[in-house]
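Structure first, commentary second.
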Amino acid sequence: MPDRQTFQGPVDQQGRGADSGDLTLMQVTGSVLAAGFGVQSKENKLRDFSRGKPLQFIAAGLIFTLGLLAALVAVVSLVV
Numbered sequence: 004m005p006d007r008q009t010f011q012g013p014v015d016q017q018g019r020g021a022d023s024g025d026l027t028l029m030q031v032t033g034s035v036l037a038a039g040f041g042v043q044s045k046e047n048k049l050r051d052f053s054r055g056k057p058l059q060f061i062a063a064g065l066i067f068t069l070g071l072l073a074a075l076v077a078v079v080s081l082v083v
């Protein structure tokens, strides 16, 4: 009887699973933007909580918030 092998997902060039390790800057940025606008998928949320570091999301969230505030101030100052 042949041995069963479990599928472990895609593998990157170093032989690690593509789903393992830290999140990339693009993944963190995408997650913060999606969460900020309220459209974060359940799959990405689970990935973020299992692989992400809180400090990355705190920093990205602060940058996102400051950028949004700066954009609002700029729009209001142009209109008024």
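Quick note on our numbering: the sequence shown kicks off at 4 and runs consecutively.
For every residue, glycine included, the Cβ atom is placed at its ideal position computed from N, Cα and C.
The C-alpha of residue 80 is placed about 36 Å away from the C-alpha of residue 48. For residue 51, the uninterrupted alpha helix (DSSP H) run begins and ends at 45 to 54, by DSSP. Residue 65 and residue 73 have their C-alpha atoms roughly 12 Å apart. For the pair residue 37 and residue 43, the Cα-to-Cα distance works out to about 5 Å.
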